[in-house]
Amino acid sequence: YFIAARVRRFGQFTVPDILEARYNQWARLLGTITTIIAFVTIVSYQFRGGGWLINIISEGSISEQTAIRFAAIFVVLYTLLAGMLSLAYIDVINGVVILGGVFLALPFLIKHAGGIATIAQNVTPRENWFFGNMSVKEAVGYFIPTFLLALGSGTMYQRFFSAKNENEARRSVIGWVIGVILIGIALQSMAVIGSSMFKGLDENTSGKIILFAAHEGVPIIIGCFLMASIAAIIISTANSFLLVPATNIMRDIVQRFFKPDMKDKTIVLWSRIVVVILGGCAYSLLSFFPRVLHAAYAAYTVYGAGITPALVATFFWKRATPLAGTLSIGAGMIVTVAWEIAKKIMGGFPLGMPAIYPALVCSLLLLFIVSYMGKPPEESKWKPFFS
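Pasting the structure below:
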């Protein structure tokens, strides 16, 4: 809410633009690389979700692996053919389809499960009423990356910039928060109801619980609408999270550092080639992250610890220096990637500690210590963000 007006007033369109204006070109480069890593990881589990959807709709006649390949190919081709136009049109209908499908399905799902009392009896007992079966360290470790990703999301900043004025930008935050809370409660309710209906699922299958509920827990018409809602979420997310890093690579790396005179047609052509390459990278990550939750956690952490501290400091801390901001971004990104690789090798997080803790601590320490050790930044660096 407090950032929205300043972003709208400042007028830069992307997060890398903001990072370069406040810090330097290397902050922009590291921010771009961090965004690419995070967004491609997010695309990978959209492919998996799309494959699950196809597999369940086909009632197993299309194997899960084949379905995932179909989903990946469809998303990449859709992104290539539709480009930015796909984002413009799909964003308009997505909100209505998603909210409508989820809220329409809930009453039928509750009835099919036998009512609230039956659901409460069948839900797996939890050790803690608030954290469930997670420890406080684990629960907070999931909350912080999600919070930081939302706070530093590039798409959110672009929407602030698109607002007519500062007041409208602030109001959009209120609407966004209300919408996220409503859809979050609805989806979590579906998951809880589904868990009471489909018991004994293993760790990997439990991620499909909402799909099972949509397929078997509601009347067929409602189920079709809900499946369409899920498909809309998957396609729009994968589509936008392929386009953004492809554009980042061409605009913030290739054009910015190597070919500043590159023509628009050439950029568009190469952006589409990059979309295919990134789609291949996202598909390859499926073997690195066997569970959707693991991939989501890694993506949220690398972005939240890498970009968000330096980005928030841009608008609220005049003392942040260009070197400190750059090192903060690099530290958050590198520590997260190293921690995830170590987790893969060791079969669990080093020291039993989620990556967000060391990554965020390193990012914040470098931001503050290096800023205070160096000279204060020139007024021209911070003034546009505070005027």
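For the sequence shown, the numbering used here gives the first residue as -11, with consecutive numbering after it.
From the three backbone atoms N, C-alpha and C, an ideal C-beta is built for every residue, glycine too.
Under 7 Å, do residue i and residue j count as touching if we go by C-beta distance?
{"i": "residue 234", "j": "residue 262", "result": "yes"}
{"i": "residue 312", "j": "residue 259", "result": "no"}
{"i": "residue 26", "j": "residue 290", "result": "yes"}
{"i": "residue 222", "j": "residue 37", "result": "yes"}
{"i": "residue 317", "j": "residue 18", "result": "yes"}
{"i": "residue 86", "j": "residue 283", "result": "no"}
{"i": "residue 287", "j": "residue 29", "result": "yes"}
{"i": "residue 201", "j": "residue 97", "result": "yes"}
{"i": "residue 93", "j": "residue 214", "result": "yes"}
{"i": "residue 400", "j": "residue 55", "result": "As shown, the chain starts at -11 and ends at 375. That puts residue 400 outside it, with no answer to give."}
{"i": "residue 299", "j": "residue 140", "result": "yes"}
{"i": "residue 342", "j": "residue 172", "result": "no"}
{"i": "residue 119", "j": "residue 127", "result": "yes"}
{"i": "residue 329", "j": "residue 203", "result": "no"}
{"i": "residue 226", "j": "residue 63", "result": "yes"}
For residue i, count neighbouring Cβ atoms within 10 angstroms of its own Cβ and tell me buried if that reaches 16, exposed if not.
{"i": "residue 236", "result": "buried"}
{"i": "residue 34", "result": "buried"}
{"i": "residue 89", "result": "buried"}
{"i": "residue 238", "result": "buried"}
{"i": "residue 252", "result": "exposed"}
{"i": "residue 185", "result": "buried"}
{"i": "residue 205", "result": "buried"}
{"i": "residue 76", "result": "Its pLDDT being 49, under 50, residue 76 is placed unreliably in this model, and the value from its coordinates should be taken loosely. By the neighbour-count rule (16 or more Cβ atoms within 10 Å), residue 76 is not buried but exposed."}
{"i": "residue 107", "result": "buried"}
{"i": "residue 346", "result": "buried"}
{"i": "residue 340", "result": "exposed"}
{"i": "residue 334", "result": "exposed"}
{"i": "residue 113", "result": "exposed"}
{"i": "residue 193", "result": "exposed"}
{"i": "residue 267", "result": "buried"}
{"i": "residue 115", "result": "exposed"}
{"i": "residue 6", "result": "buried"}
{"i": "residue 170", "result": "exposed"}
{"i": "residue 137", "result": "buried"}
{"i": "residue 218", "result": "buried"}
What residue range is occupied by the uninterrupted alpha helix (DSSP H) comprising residue i?
{"i": "residue 346", "result": "344 to 361"}
{"i": "residue 187", "result": "Run containing residue 187: none; DSSP gives neither H nor E here."}
{"i": "residue 297", "result": "296 to 304"}
{"i": "residue 371", "result": "367 to 374"}
{"i": "residue 133", "result": "124 to 140"}
{"i": "residue 278", "result": "Careful: residue 278 lies outside any alpha helix (DSSP H) and carries neither H nor E."}
{"i": "residue 332", "result": "310 to 334"}
{"i": "residue 268", "result": "252 to 272"}
{"i": "residue 204", "result": "197 to 204"}
{"i": "residue 215", "result": "208 to 236"}
{"i": "residue 102", "result": "Per DSSP, residue 102 belongs to no alpha helix (DSSP H) and is neither H nor E."}
{"i": "residue 383", "result": "With the chain represented from -11 up to 375, any question about residue 383 goes unanswered, as that position is not in the structure."}
{"i": "residue 6", "result": "3 to 10"}
So residue i packs on residue j, CB below 8 Å; how close in whole Å?
{"i": "residue 365", "j": "residue 309", "result": "5 Å"}
{"i": "residue 230", "j": "residue 31", "result": "6 Å"}
{"i": "residue 302", "j": "residue 10", "result": "4 Å"}
{"i": "residue 187", "j": "residue 110", "result": "7 Å"}
{"i": "residue 132", "j": "residue 322", "result": "That belief does not hold up - the Cβ atoms of residue 132 and residue 322 are roughly 18 Å apart, past 8 Å."}
{"i": "residue 47", "j": "residue 39", "result": "Contact flag wrong, Cβ pair sits at about 14 Å."}
Near residue i, what residues of its chain come up, given a Cβ to Cβ distance below 8 Å and the 5 sequence neighbours on each side ignored?
{"i": "residue 362", "result": "309, 311, 312"}
{"i": "residue 23", "result": "3, 4, 142, 232, 233, 236, 291, 295"}
{"i": "residue 325", "result": "25, 290"}
{"i": "residue 100", "result": "185, 205, 206"}
{"i": "residue 278", "result": "192"}
{"i": "residue 429", "result": "Past the boundaries of the shown model lies residue 429; the chain is included only from -11 to 375, so the question cannot be answered."}
{"i": "residue 50", "result": "42, 43, 58"}
CB-CB under 6 Å to residue i, same chain, minus the five flanking residues each way: which ones, in chain order?
{"i": "residue 370", "result": "306"}
{"i": "residue 320", "result": "293, 294, 347, 351"}
{"i": "residue 8", "result": "16"}
{"i": "residue 337", "result": "331"}
{"i": "residue 374", "result": "none"}
{"i": "residue 178", "result": "198, 201"}
{"i": "residue 255", "result": "238"}
Apart from the five residues just before and just after residue i, which ones in its own chain have a Cβ nearer than 7 Å to its Cβ?
{"i": "residue 20", "result": "4, 236, 240, 241"}
{"i": "residue 270", "result": "28, 31, 32, 35"}
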